[in-house]
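Notes follow once the structure below has been shown.
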Amino acid sequence: MAKREKRLEKKKRSLYFLIWAAISALCLLLLLLFTFSQRVVLRETFQQQTTSEMTTRGQAVKNHLKGGMPEDENEASDFVRDLATDYGVGVAIVTKEGVPQYSFVSDKTNFEEEIKKIEQKIAEVGATVDNGKYALYQSEEYSVYVCPMGLADGDVGYLYIAKDVSYINIIVAEMGTRSFLIVGFVLLLAFVVAAAVSGLITKPLGEIKDKAKRLAEGDFSVDFHGEKYGLELSELADTLNFARSELFKTDEMRKELIANVSHDFKTPLTMIKGCASMIIEISGDDKQKREKHAGVIIAESDRLTALVEDLLDLTKLQSDTSGLKKELLDLTAYTRQEVEKFECLCETHGYEFFLDVDEEVWVEADRVKIGQALHNLIGNAVNYTGEDKKVYVSLKKTDEKVRFSVRDTGVGIPKEEQKDIWNRYYRASGTHKRPVRGTGLGLSIVRRVLEMHGLNYGVESEEGKGSTFYADFNLVEIAEFEEE
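For the sequence shown, this note's numbering begins at 22 and goes up steadily by one.
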């Protein structure tokens, strides 16, 4: 495993290197393509020019010879020589059998060699020339023009015009050498430019990486923006700053939760320990006091159990370890049952519950989880209602929907806090000490349950006039449900 990780580590390359290598490779490829294409284009251009030039000169020489050759052999040779000199080409007049009658080339030292080469060209291309037409032959050293021509004895032979084109290879080779020098210089420049561009791109990413490390270490003051960030990196910085703000809020809520849970655990445990000690030391033989102290222990134990269950419920809902078990549910009766659980507060704390529900409201939902949601919404209203201690619970049909809502008469929720109240650990700034103790998890559980059911939910609140929490259920017709 360690060897495999080492191999993978070796294969990794920095983004700086990858960008530099990619740009350099692209520049090298373009330069090589340019150099190769330049050589090809240059050679083809020279060949086309030579072809055009040889065709023109061949036709001109042929036109001069149409006027006839001097009868004297020496004069005929001089005439051919003058034509060759004037047009800068080698000239040869041969029979069909390939026997030269007259020939002249400008370079006397290579005369015999050139004649042999021209004769070789005669053997290669002479048979392809039809009467009245001409042909061109291109080689590495010569460009040869061939056409039929009448001879002095009335026979038909061939006129060969040859030109040395070896200089083209020299020019192309020289251009190739210079091109490679230019390629080397440009490639070196490309390496430098690629390094600069790579640094320009990766430097902001390196800064963001360092800032992300600081954020991971708990520095929430870090700002991901930079001076030379482009549009995309600025958008990334905005996203990271938003994530940092959310992490900061979550961290603050987590600390508050720990403080709340610690307090909520500590108080019952202190009460349990104190009452247990009193039973042992004082009220062990006094039945009335013993029962009173035991009742406190039981009540505080139930309180601890409820707190633990609240935390476990949220954990299960967040991890989706408990699926939905939907069934047909009489939401009217179920709402009444949930409200009845709080009726003890009417006698002990003076609360008033106002229930306004439509009859025969049937929905398809998970009984247990929806019960948690409704209970938490009512409990939340109890905690935050006004001094009149009034809570309004309603269940009203609207078309194919039914809205469950709970309204309190408290101080309301500031608009800027309304989007945060559904987050776990969150508590509104106007906390009140009420009979239903909470950890800031209640509304988070409500949100998760309703989202699992795919239901619409929300809050309507105005500061100083209380808040209304609601959830919209889909109505179900019993007949249709039974048919399914």
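Ideal Cβ placement from N, Cα and C applies to all residues, glycine included. Just so you know, these numbers come straight off a predicted model, no measurement behind them.
Boundaries of the alpha helix (DSSP H) in which N397 is found, first to last residue:
388-405
Around the Cβ of N401, are there at least 16 other Cβ atoms within 10 angstroms (buried) or fewer (exposed)?
buried
What's the call for G111, buried or exposed, on a 16-neighbour Cβ count within 10 Å?
buried
Residue interval of the alpha helix (DSSP H) (run including P225):
187-237
Neighbourhood of F269 by C-beta distance below 8 Å, restricted to the same chain and skipping five residues each side
F241
Please classify Y372: does DSSP put it in a helix, a strand, or coil?
coil
Exposed or buried, what is S73 when buried is set at 16 or more other beta-carbons lying within 10 Å of its beta-carbon?
exposed
Closest by C-alpha distance to C168, when choosing among V204, Q393, R78, L236:
R78
Going by DSSP in three states, K417 sits in which element: helix, strand or coil?
strand
Going by beta carbon distance, what residues of the same chain come within less than 7 Å of I365, once the five residues before and after it are set aside?
Ile is not the amino acid found at residue 365; the sequence shown has Cys there. Around C365: no qualifying Cβ.
With the cut-off set at 7 Å, would you say V389 and L376 are in Cβ contact?
no
Where DSSP assigns a beta bridge to M170, which residues make up the other side?
G178
When you compare each of L252, G239, T489, L53 to E267 by their alpha carbons, which one comes out closest?
G239
Assuming F425 and Y491 are in contact, meaning their beta carbons sit under 8 Å apart, how far apart are those beta carbons, in whole angstroms?
7 Å
According to DSSP, is G451 part of a helix, a strand, or is it coil?
Note on G451: pLDDT 49, under 50, position unreliable in the model; the coordinate value appears next. Coil.
Per DSSP, the bridge partner or partners of N477
D493
Return the chain-ordered list of same chain residues with a C-beta closer than 7 Å to the C-beta of T130, the five sequence neighbours on each side being excluded.
Unreliable positioning characterises T130 in this predicted model, as indicated by a pLDDT of 41, which lies under 50. The coordinate reading is nonetheless provided below. Hits under 7 Å: none found.
Touch test, the region 313-327 against the region 345-362, Cβ-Cβ under 8 Å, three pairs minimum
no
Are the CB atoms of E483 and G433 within a distance shorter than 7 Å?
yes
Quick one: grab the DSSP three-state call for W383.
strand
What residue from M299, A258, L51 has the CA that sits closest to G205's CA?
L51
CB-CB length for I499 against W383, believed under 8 Å:
6 Å
Using the Cβ count rule (16 or more neighbours within 10 Å means buried), how would you classify I191?
exposed
Would you tell me roughly how many angstroms separate the C-alpha atoms of S255 and T223, rounded to the nearest one?
14 Å
Residues near I293 in its chain [Cβ-Cβ closer than 6 Å; skip 5 each side]
I318, E321
Taking I303 and K313 to be in contact with their CB atoms under 8 Å, please state how far apart those CB atoms are, rounded to whole angstroms.
No, I303 and K313 are not in contact; Cβ-Cβ is about 11 Å, not under 8 Å.
Which class does F245 belong to by DSSP, given the choice of helix, strand or coil?
coil
Identify, in the order they occur along the chain, each residue of the same chain with its Cβ nearer than 8 Å to the Cβ of R235, setting aside the five sequence neighbours on each side.
V243
The alpha helix (DSSP H) enclosing E348, as first and last residue numbers:
Per DSSP, E348 belongs to no alpha helix (DSSP H); it is in the beta strand (DSSP E), 347-351.
Do D379 and K347 have their beta-carbon atoms positioned less than 7 Å apart in this structure?
no
Are A258 and F245 close, meaning C-beta to C-beta below 7 Å?
yes
What do you reckon, are the CB atoms on I466 and D334 nearer than 7 Å?
yes
Quick check: the Cα distance between F100 and Y179, rounded to an integer number of angstroms?
17 Å
Take the Cβ of C367 as the centre, count every other Cβ of all protein chains shown within 10 Å, and call the residue buried at 16 or more, exposed below.
exposed
For D429, which of helix, strand or coil comes out of DSSP?
strand
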